[in-house]
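Read through the structure below, which is laid out as structure tokens, and then see the notes.
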Amino acid sequence: MYRKFIATITAASIALTAMGAAPAFAGDRETTRAIATILGLAVVGKLIHDRNDRKKERHRNSTPAYHPPKPQVQQHHTPNYTPPAYHQPKPRPLPQRANRKLLPKQCFRSFETRRGKVRMFPSRCLNRNYDYAYRLPRQCEYTFNTPRGERRGYEARCLRDRGYRLARG
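Now the structure itself:
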């Protein structure tokens, strides 16, 4: 499209140049203006054409040349065995609110009574090994007699029903 436009302007400027060779009259200002306008358009067209040529040339030169890949030589090495570093995982500490509901395993005992076997947590053991013994529910407190004397503690089933669990380990 630009080539046709530039060719038309060039042809018009050559034709008008021949007419401009005749002596110009001082009263012919319109003709002189028309010729100057056409020449200005021709110059602008030529500038646009040159700029487009430079863009095309730059685009043509931007494609990289093909180079065959270089052969790569692999170096042989013997791998050194390093045993994996294994560390015993440490369990995360339980949050304080969950820790309150875990009763110590060493305090869980069974006692024989006249009514049968009673599973319970003795009060003395809980006071020594459990920080929250004062918070245990009073409804679960149980007192009974054994051949060795009176025993006080908390019934395991009652504590379990209220959300307390036996700690593992």
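At position 118 of the sequence shown the residue is numbered 117 (numbering that gives the first Met the number 0), and the sequence of numbers has no breaks. We put the CB at the ideal spot given by N, CA and C, even for glycine.
7 Å Cβ cutoff met for residue i and residue j
{"i": "Ile13", "j": "Leu40", "result": "no"}
{"i": "Glu154", "j": "Tyr141", "result": "yes"}
{"i": "Arg164", "j": "Lys100", "result": "yes"}
{"i": "Pro136", "j": "Arg108", "result": "no"}
{"i": "Thr81", "j": "Phe110", "result": "no"}
{"i": "Cys139", "j": "Cys124", "result": "no"}
Residue span of the alpha helix (DSSP H) that contains residue i, given as start and end
{"i": "Arg118", "result": "It is not in any alpha helix (DSSP H) - Arg118 instead sits in the beta strand (DSSP E) that spans Gly115 to Pro121."}
Which residues DSSP lists as bridging residue i, in chain order
{"i": "Arg108", "result": "Met119"}
{"i": "Leu101", "result": "Arg164"}
{"i": "Arg151", "result": "Thr142"}
Residue i at chain B interface by Cβ criterion, 7 Å
{"i": "Gln74", "result": "Protein chains in the displayed structure number just one, and chain B is not present."}
Bounding residues of the beta strand (DSSP E) (the contiguous stretch that carries residue i)
{"i": "Thr142", "result": "Glu140 to Thr145"}
Residue environment, residue i, which counts as buried when at least 16 other CB atoms sit within 10 Å
{"i": "Leu46", "result": "exposed"}
{"i": "Gly115", "result": "exposed"}
{"i": "Gln152", "result": "Note on residue identity: the sequence assigns Gly, not Gln, to residue 152. It counts as buried."}
{"i": "Thr112", "result": "exposed"}
Taking three-plus beta-carbon pairs below 8 Å as touching, is the segment 104-116 in contact with the segment 69-86?
-> no
Counting pairs of beta carbons, one from the segment 115-125 and one from the segment 81-89, are three or more of them closer than 8 Å?
-> no
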